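One structure below.
There are 2 protein chains.
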Amino acid sequence: MISKKTKYGIKALVYVAKHKHKETVQVSLIADTQNISPKYLEAIMLTLKKAGFLGSKKGKGGGYYLRRPPEDIKMVEVMRVLEGPVAMVPCVSLNFYEKCDDCPSEDFCSVNRLMIQLRDSSLAVLNKTTIADLVV
Amino acid sequence: MISKKTKYGIKALVYVAKHKHKETVQVSLIADTQNISPKYLEAIMLTLKKAGFLGSKKGKGGGYYLRRPPEDIKMVEVMRVLEGPVAMVPCVSLNFYEKCDDCPSEDFCSVNRLMIQLRDSSLAVLNKTTIADLVV
DNA sequence: TTTAAATCCTATAGGTATAGTAGGATTTAA
DNA sequence: TTAAATCCTACTATACCTATAGGATTTAAA
Numbered sequence: 059m060i061s062k063k064t065k066y067g068i069k070a071l072v073y074v075a076k077h078k079h080k081e082t083v084q085v086s087l088i089a090d091t092q093n094i095s096p097k098y099l100e101a102i103m104l105t106l107k108k109a110g111f112l113g114s115k116k117g118k119g120g121g122y123y124l125r126r127p128p129e130d131i132k133m134v135e136v137m138r139v140l141e142g143p144v145a146m147v148p149c150v151s152l153n154f155y156e157k158c159d160d161c162p163s164e165d166f167c168s169v170n171r172l173m174i175q176l177r178d179s180s181l182a183v184l185n186k187t188t189i190a191d192l193v194v
Numbered sequence: 059m060i061s062k063k064t065k066y067g068i069k070a071l072v073y074v075a076k077h078k079h080k081e082t083v084q085v086s087l088i089a090d091t092q093n094i095s096p097k098y099l100e101a102i103m104l105t106l107k108k109a110g111f112l113g114s115k116k117g118k119g120g121g122y123y124l125r126r127p128p129e130d131i132k133m134v135e136v137m138r139v140l141e142g143p144v145a146m147v148p149c150v151s152l153n154f155y156e157k158c159d160d161c162p163s164e165d166f167c168s169v170n171r172l173m174i175q176l177r178d179s180s181l182a183v184l185n186k187t188t189i190a191d192l193v194v
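The listed protein sequences derive, respectively, from chains A and B.
As numbered in the working numbering, residues 59 to 194 make up the first sequence, in order.
As numbered in the working numbering, residues 59 to 194 make up the second sequence, in order.
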């Protein structure tokens, strides 16, 4: 299960992507139309900005805009920023690798190989899908 | 990320599957060899028993055994029992469906379609893999 | 110059799930 | 009778999620 943070973040990115390049979109507008808690969404937008997906303009008439063309933003990047690793165990994560405390060797771990397959099947989807694909 | 419960549960099933049919395997042995907290594993084994994967024998010389041939136990069943839904959002779950509070319509939800693709790619892996495949 | 609108930032709280632990009840082979 | 094993209930500690609160800062426009 993905977190609401991830779900909200994707919805917000798609919403912003529907607007013209550099046209600012306010958090309050996104929150209203997408049924998201405004303050919570604020924090999510900050995260997406720090990750480089969004730019912002402060003050009256300000808001957020996409910094990259939507067709260039792969969902795998978005997921890693919002949700974390694509892999379901740290020991098969490409970007967030960690050794398991309980496994003496990954080569002989029964779970390991299954998780690699799941990771790769998810990566295939997330690598070929972009924000532009989610804009209807 | 899957829970340790799921990881431990899979390892335990695979461990039991390596033994002869109806030969009992003790929780303490699995816990020792797989580096799992014995009491925690106890609870997991109970879950797997109630789900029909394992049978048990109480008392001295007792333990757990597989109730079904390992090549008949699909990983998708195991995952659903231990981890819950395969889908990453309830609104695309086949076995644990729930409507989203925030979405007025699933047809127009940008997240929905991506999550269906992720679900199906995971299902493809989990449907074709069995416990027997994880036994080396 | 003032005001309102907007992002930005920190701290905190409440709820829930995870990963156990504790202690005993029950069953069974030897 | 004893020891070994599953079975069962209840509890705890920690971390994470989902916000909320309150303000600081910046900016356009009146």
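For each residue, glycine too, the CB sits at the ideal point set by N, CA and C.
Predicted model, so just to flag it, every value in this text is computed and none were measured.
- Here the stretch 143-151 of chain A does not lie against the stretch 97-107 of chain A, with fewer than 3 beta-carbon pairs under 8 Å apart.
- Residues of chain B whose Cβ lies closer than 8 Å to the Cβ of Gln-92/A are, in chain order, Asp-160.
- In the assembly as shown, Tyr-98/B is an exposed residue. Its beta-carbon has fewer than 16 other beta-carbons within 10 Å.
- Interface flag for Leu-172/B against chain A is set, since a Cβ pair is found closer than 7 Å.
- Residues Met-146 of the same chain have their beta carbon placed closer than 7 Å to that of Leu-176/B, with the five preceding and five following residues left out of the count.
- With three or more CB-CB distances shorter than 8 Å, the stretch 156-163 of chain A counts as touching the stretch 77-94 of chain B.
- Going by C-alpha positions, Leu-112/B is about 44 Å away from Ile-189/A.
- In the DSSP annotation of this structure, Leu-152/A is not part of any alpha helix (DSSP H), being labelled neither H nor E.
- Close CB contacts of Gly-120/A within its chain, under the 8 Å cut and outside five residues either way in sequence, are with Thr-82, Gln-84, Ser-114 (chain order).
- Contacts with chain A (Cβ-Cβ distance below 7 Å) from the stretch 60-78 of chain B involve Ile-60, Lys-65, Ile-68, Lys-69, Val-72, listed in chain order.
- At a cut-off of 7 Å between beta-carbon atoms, Leu-112/B makes no contact with chain A.
- By the Cβ neighbour-count rule, Leu-152/B is exposed, with fewer than 16 other Cβ atoms within 10 Å of its own.
- Excluding five sequence positions before and after Ala-70/B, the CB atoms of its chain that fall closer than 6 Å to its own CB belong to Ile-88, given in chain order.
- Taken residue by residue, none of the stretch 96-112 of chain B has a beta-carbon sitting less than 9 Å from a beta-carbon on chain A.
- Secondary structure note for Ser-168/B: its alpha helix (DSSP H) is the uninterrupted segment 168-186.
- Per DSSP, Lys-115/A lies in no alpha helix (DSSP H); the unbroken beta strand (DSSP E) holding it starts and ends at 112-115.
- Contact between Lys-132/A and Leu-184/A is confirmed by a C-beta separation of about 7 Å, below the 8 Å threshold.
- Going by DSSP, Gly-67/B is part of the alpha helix (DSSP H) stretching over 62-75.
- The C-beta of Leu-87/B comes no closer than 7 Å to any C-beta of chain A.
- The beta carbons of Met-103/B and Tyr-122/B sit about 6 Å from each other, so the pair counts as a contact at 8 Å.
- Within chain B, the residues placing a beta-carbon under 8 Å from that of Thr-187/A are Leu-172, Gln-175, ordered along the chain.
- Here the alpha carbon of Leu-172/B sits roughly 8 Å from the alpha carbon of Thr-187/A.
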